[in-house]
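Peer 1: Got a structure for you, written out below as structure tokens; questions coming shortly.
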Amino acid sequence: MHEAYQVSSLLKLTYQVESIAAYDDNLLVGTRQGHLCMYNLVRTDEKCEVQLMRYHKSFSKKAVQQLNVIPDHNLLISLTGSENESELSNLDENENNENYELYESESSDSSEEDENNSASERDEQESIEQGEFIPEIHTYSANNAGCKADLGDSPTVLECFTVFFSNEFIDNIVSETNNYYQYLSNKIRFFSSSRARGWTPVDRQEMYIFLALSLLMPLAKKQRINDYWTTDSFLLTPAFGQIMPRDRYLLLLKMLHFGDNNNPNQNDKLFKIRLAIDHLRTCFKNSLEPFQNICIDESLMLFKGRLAFKQFIPSKRHRFGVKLFILCDCETSYILDFIIYTGSSTEITQFPEVGISGSIVLTLLEKYLNNGHSLYVDNWYTSPSLFSILHEKKTNACGTVKINRKHMPPLKEKLERGEHREVRMLSTIHTDEMIVCGKTLQGEDKRKPLCILNYNENMGAIDKTDMLLSSTESVRKTIRWYKKVFFHLLDLSILNAHVIYKMKTGENIPLLQFQIKLIKEIVEKYQKFRPRASSSKNIGQDAPMRLVARHFPSHVEKNEKKNKLMAKRCKQTSMTGDISVLVRMAVAVKRKIQLYYLKNNEFLTLIDDINLTEIPRSMVWCQEAICVGYRGEYALLELTGKQTDLFPTSSTRSNEPCIVRVSDTTFALCRETQTVLVNVKGETECNKALRWSDVPVTLAWDEPYALGILTDCIEVLTLEPSGLVQTLPDLSKVRYIVPAQQGLLYAASLSQIWAIQAVDVAKQRKVLVDAKQFQLALKLTQISNESEDEKKEKIHHIQTLLAYDLFHKKQFHESMNEFLKLGTDAYDVIRLFPDLLPQQQQGSDYPEPVRDLTEKELETSILALINYLTEMRHRLQSSDTQVLVISIHATKSIICDKIGFYRSH
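If you count by UniProt numbering, then the sequence shown holds residues 1 to 905, one letter each, in order.
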């Protein structure tokens, strides 16, 4: 036995615990009174404490009897009441019902008197105190900040652009554009004069050229799109005609498409542009890790056509258009993420306690929370509730705020004489420090609050991007809103590519020059030979842009077709539009099990309900099987509804079922004082079992240990090797135990909660190695948080000690097999045998030879050594170690002589 866990008392409760659940450092407690409390574990060197983070008063009308948590989706499942009524709610959502009141508490103490507090009394407890404010600023580490794109030290402009507009993305646009022509040709009949009659399928190279011309157009603005191909000497811009014919460009513009019209998603207002939105949002987020300061603001893309989600914002330059919420890095003006506003169907995660504006902020910041970033927002987003949540998630925040926001304190002070404007700020970063920022007309120092200066400095990043794009944007008038959005996203991608280029090369090139350079590189790489019909002398020459580009040999035609076919396969495998099933859920309601799966943040029915013969008392789901515990019996239930009876819970069928998940394919089931393992096929692993000193009430699995609650203690057992590791006494009337994460469990009685923490792996390993419990030491090392190199070194050391120990236990063949697995040097193995090597070759660093062997044991050990040396010789003969092979052969001869000597005597 050794100390595997340490127990620390966390808190005593005045209400009665009915159920508990845990994940990471969070603990959920359901009470007999129907309340739900969420605690967070705080660890220090001396002790562990918990802080009450959230408290749902009257969460349920009855006792919260069962809890389960899916952390990635914050799903709380509570089965309440004696009739197994099922209730589902979300930890982060506050329904418009007084039974789901959510509020913060500064203390972990709670009492029955709190249940009778009125709303006004709670507001008084939460009121904001006036006085000197010293914020708790979350620290930020800039070690990971910067460009994450897979680029070299000196990338070209085109390489930076293809981070966002990659070949795969262009191939998908090409595929959808070609498909759209087929869709139109099957639906309508083109006029004889229509350009569409001359359609030929577009490919990747032509699509890149099409984008290059679209980017070139705003740099040489014309009144009409046809003017770019005019032959008027006053308006002539020859590059357009040399790169692509006018009719071909206009036809590509007409057919440009991003969605499958044969399978439209009627519930998605952005269906026609979804392909581009999802791809670019992912690329934006993955290509740069932001620096400390980030900001969120809205941007408006001009559009005056008919559109259901068109917005009117008088303060914006365009006033009418499509609104985007943009997350931007303040230092580089890089756009990290964006959300297109479509009304009530906008793709955001709803957080009712902070409203729509706060939900937008939390959705955009999902990847960047808990990193110490400092967020700047304007008064449309700022609220005390939002900033409280951000502070909990280790994110600093600052912004202007409206006086009528909920939980804002009354501010009745009037402006003093000489003050021009009243500005209210909310900040979790700043104090009331004032900074000198210039002189007044009277020569006095002009002072402003530091929070105002920082806000003005960081909040203009998105307006700066709008200003930069105003002179180079490729957006043009069109009645097709989705094409206008696409060209706007193209401009945003160029802006981000410009940022990455400057970071990787250190060249401070203006955006305009960057765009011109990009156009030239695209034309240089993708422009194909195109003879001019009006002049025969150019036939057979290189492309018209040869003076600024390289030559373009025509033999790439075959490769282009091959790539195009590959793009279709890519689309079939990765661009289907379906979302993989991430979560499956089983809910037991009386005598049936309801199965659901999560898709698009909504639980949908997986299969029809499965009817049961009895009400299940316990169940665990692994792969395609659910192990169900009834009163007195276990059964294995397939998703098809087929049920296989396993065995009774006890000989008298009086014990309650107890099931715990061991792995993805294995359950552990209690039968009286024994726990056996059963796989998803219903097969019992007979050679693996846990034996308790009493019938366990419930179990918890924390690899490699199993913890079981007995009448007066908690026992800790291991499966391999099977045995008792530790007994945790002094846990008065403990009834519940749940794992939170590897090495941390929570236990609870009706009125008290304990934390059970694993002892450091290094300490356990030392004790186990000293006690020669090598198998358990190996398991602990394999699941430890040590680096892979450290693990490899420790495991090799323990396995070597195991091999030596087996030899000293006179298990010679097993010992030699271990030495073979480790590749141990032959001389180190031979040293274990007395008199086989000269005395001067014996080493003090190795275990002493075993000298108390009988004649039979000595013969057995030498035969095992011969087998070891034979195998080593076979391994070495294929390498260049001829001398060592000869030595091993000679050693074998000596050993054989020794055996003959022993047998003759």
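For glycine and all other residues, C-beta sits at the position ideal for the given N, C-alpha and C.
What residues are listed by DSSP as bridge partners for F312?
Peer 2: Here residue 312 corresponds to residue number 312 of the sequence shown, with the count starting at 1. Per DSSP, F320.
Peer 1: One question on the structure: do N286 and K504 come within less than 9 Å of each other, judged by their Cβ atoms?
Peer 2: Here residue 286 corresponds to residue number 286 of the sequence shown, with the count starting at 1. Here residue 504 corresponds to residue number 504 of the sequence shown, with the count starting at 1. No, the pair does not count as a contact, with Cβ atoms beyond the cut-off.
Peer 1: Give me the residue from N186, R204, Q205 with the minimum Cα distance to A196.
Peer 2: Taking the first residue of the sequence shown as 1, we reach residue 196 at position 196. That would be N186, whose Cα lies nearest to the Cα of A196.
Peer 1: Might you give, ordered along the chain, the residues of its own chain that have their beta carbon closer than 6 Å to the beta carbon of E298, omitting 5 neighbours on each side?
Peer 2: Mapped onto the sequence shown, residue 298 falls at position 298. Same-chain partners within the cutoff: K323, F325.
Peer 1: Just mark A567 as buried or exposed, buried being the case when its beta carbon has 16 or more other beta carbons within 10 Å.
Peer 2: The residue you call residue 567 lines up with position 567 of the sequence shown. Caution applies to A567, whose pLDDT of 27 falls short of 50 and renders its modelled position unreliable; the value that the coordinates give is listed next. Answer is buried; the Cβ neighbour count reaches 16.
Peer 1: If you run the structure through DSSP and keep just helix, strand and coil, what is G259?
Peer 2: For the purposes of this step, residue 259 is identified with residue 259 of the sequence shown, where counting begins at 1. Coil.
Peer 1: Bridge partners of I335, per DSSP?
Peer 2: Taking the sequence shown and counting its residues from 1, one reaches residue 335 at position 335. In DSSP, I335 forms a bridge with C328.
Peer 1: Tell me whether W380 sits in a helix, a strand or coil according to DSSP, three-state version.
Peer 2: Along the sequence shown, one-based indexing puts residue 380 at 380. If DSSP states are grouped into helix, strand and coil, W380 belongs with coil.
Peer 1: DSSP three-state call for Y705: helix, strand or coil?
Peer 2: Stepping through the sequence shown from its first residue, residue 705 is reached at position 705. In the structure shown, Y705 sits in a strand (DSSP, three-state: E or B).
Peer 1: Do G30 and I20 count as a contact pair if the criterion is CB distance below 9 Å?
Peer 2: The residue given as residue 20 occupies position 20 in the sequence shown. The residue given as residue 30 occupies position 30 in the sequence shown. Their beta carbons are under 9 Å apart, which means I20 touches G30 by this criterion.
Peer 1: To the nearest whole angstrom, what separates the beta carbons of P739 and L731, a pair I think is in contact under 8 Å?
Peer 2: Sequence index remark: in the sequence shown, residue 739 carries index 739 (1-based). Sequence index remark: in the sequence shown, residue 731 carries index 731 (1-based). In fact, because the Cβ distance is near 16 Å, the residues do not count as touching under 8 Å.
Peer 1: For a test of the three-state rule: what should DSSP assign to I134, helix, strand or coil?
Peer 2: Within the sequence shown, residue 134 is the residue found at index 134, counting from 1. Of the three classes helix, strand and coil, the one that applies to I134 here is coil, per DSSP.
Peer 1: Which same chain residues, not among the five before or five after Q16, have their C-beta less than 8 Å away from its C-beta?
Peer 2: Taking the first residue of the sequence shown as 1, we reach residue 16 at position 16. Hits under 8 Å: T31, R32, Q33, L750, S751.
Peer 1: How many whole angstroms separate the CB atoms of N679 and T666, which I take to be in contact at a CB cut-off of 8 Å?
Peer 2: What you label residue 679 is simply residue 679 of the sequence shown in a count that begins at 1. What you label residue 666 is simply residue 666 of the sequence shown in a count that begins at 1. Rounded, the Cβ-Cβ distance is 5 Å, consistent with contact.
Peer 1: Identify the continuous alpha helix (DSSP H) that holds L768 and give its terminal residues.
Peer 2: Sequence index remark: in the sequence shown, residue 768 carries index 768 (1-based). Note, L768: alpha helix (DSSP H), 761-770.
Peer 1: With a threshold of 8 Å, are at least 3 pairs of Cβ atoms found where one atom belongs to the region 199-219 and the other to the region 166-181?
Peer 2: Yes: at least three Cβ pairs fall under 8 Å.
Peer 1: Identify, in the order they occur along the chain, each residue of the same chain with its Cβ nearer than 7 Å to the Cβ of L724, setting aside the five sequence neighbours on each side.
Peer 2: Position 724 of the sequence shown holds residue 724. Within the same chain, L724 has close Cβ partners M1, E715, L717.
Peer 1: Where do the N-terminal and C-terminal ends of the beta strand (DSSP E) with M301 fall, by residue?
Peer 2: In the sequence shown, residue 301 corresponds to position 301, counting from 1. M301 -> beta strand (DSSP E) spans 293-302.
Peer 1: Residues in the same chain with beta-carbon distance under 6 Å from T363, minus the five sequence neighbours each way, listed in chain order, please.
Peer 2: Here residue 363 corresponds to residue number 363 of the sequence shown, with the count starting at 1. Once the five neighbours on either side are set aside, the close Cβ partners of T363 are I348, T349.
Peer 1: Only counting the same chain, and skipping five residues up and downstream in sequence, which positions put a Cβ closer than 7 Å to that of L158?
Peer 2: For the purposes of this step, residue 158 is identified with residue 158 of the sequence shown, where counting begins at 1. Within the same chain, L158 has close Cβ partners L518, E521, I522, K525.
Peer 1: Would you say I753 and L728 are within 9 Å of each other, going by their C-beta atoms?
Peer 2: By 1-based counting over the sequence shown, the position of residue 753 is 753. By 1-based counting over the sequence shown, the position of residue 728 is 728. For I753 and L728, no; Cβs fall outside 9 Å.
Peer 1: From the DSSP output, in three-state form, read off T675 for me.
Peer 2: Sequence index remark: in the sequence shown, residue 675 carries index 675 (1-based). Strand, per DSSP.
Peer 1: With burial defined as no fewer than 16 other Cβ atoms inside 10 Å of the residue's Cβ, what is the status of I403: buried or exposed?
Peer 2: Looking up residue 403 in the sequence shown gives position 403. Under this definition I403 is an exposed residue.
Peer 1: Do F486 and A497 have their beta-carbon atoms positioned less than 9 Å apart in this structure?
Peer 2: Working through the sequence shown from its first residue, we reach residue 497 at position 497. Working through the sequence shown from its first residue, we reach residue 486 at position 486. No.
Peer 1: Under the assumption that D645 contacts E656 (Cβ atoms under 8 Å), give the Cβ distance between them as a whole number of angstroms.
Peer 2: Looking up residue 645 in the sequence shown gives position 645. Looking up residue 656 in the sequence shown gives position 656. About 17 Å; that fails the 8 Å criterion.
Peer 1: Going by DSSP, which residues form a beta bridge with Q594?
Peer 2: Taking the sequence shown and counting its residues from 1, the one referred to as residue 594 is at position 594. BP columns for Q594 point to V587.
Peer 1: Enumerate in chain order the residues of its own chain whose CB-to-CB distance from E685 is below 6 Å, with the five nearest sequence positions on each side excluded.
Peer 2: On the sequence shown, residue 685 is found 685 positions in, with the first residue counted as 1. Excluding residues within five positions, the ones whose Cβ falls inside 6 Å are L677.
Peer 1: Going by DSSP in three states, R873 sits in which element: helix, strand or coil?
Peer 2: Translated into positions along the sequence shown, residue 873 becomes position 873. In this structure, R873 counts as helix in the three-state DSSP scheme.
Peer 1: Return the chain-ordered list of same chain residues with a C-beta closer than 6 Å to the C-beta of M255, the five sequence neighbours on each side being excluded.
Peer 2: In the sequence shown, residue 255 corresponds to position 255, counting from 1. T177, Y180, Y181.
Peer 1: Give the DSSP-derived three-state secondary structure of L184 in the structure shown.
Peer 2: Taking the first residue of the sequence shown as position 1, residue 184 is located at position 184. The answer is helix: DSSP assigns L184 an H, G or I state.
Peer 1: Helix, strand or coil for L219? Go by DSSP, reduced to three states.
Peer 2: For the purposes of this step, residue 219 is identified with residue 219 of the sequence shown, where counting begins at 1. Three-state DSSP puts L219 in a helix.
Peer 1: Among E683, A826, T854, which has the Cα closest to the Cα of L869?
Peer 2: Position 869 of the sequence shown, counted from the start, is the residue given in the question as residue 869. Here the closest residue by C-alpha is A826.
Peer 1: Kindly identify the DSSP beta-bridge partner or partners of F667.
Peer 2: Start at 1 with the first residue of the sequence shown, and residue 667 comes out as number 667. For F667, which the question treats as bridged, DSSP gives the partners R661, V678.
Peer 1: Span of the alpha helix (DSSP H) holding T800?
Peer 2: Taking the first residue of the sequence shown as 1, we reach residue 800 at position 800. Here the alpha helix (DSSP H) through T800 covers 788-808.
Peer 1: Measuring CA to CA, which of N371, I356, N370 is closest to S385?
Peer 2: Looking up residue 385 in the sequence shown gives position 385. For the residues N371, I356, N370, the minimum Cα distance to S385 belongs to I356.
Peer 1: Check the Cβ-Cβ distances between K446 and every residue of chain D, and say whether any is below 9 Å.
Peer 2: Any reference to chain D falls outside this structure, which holds one protein chain only.
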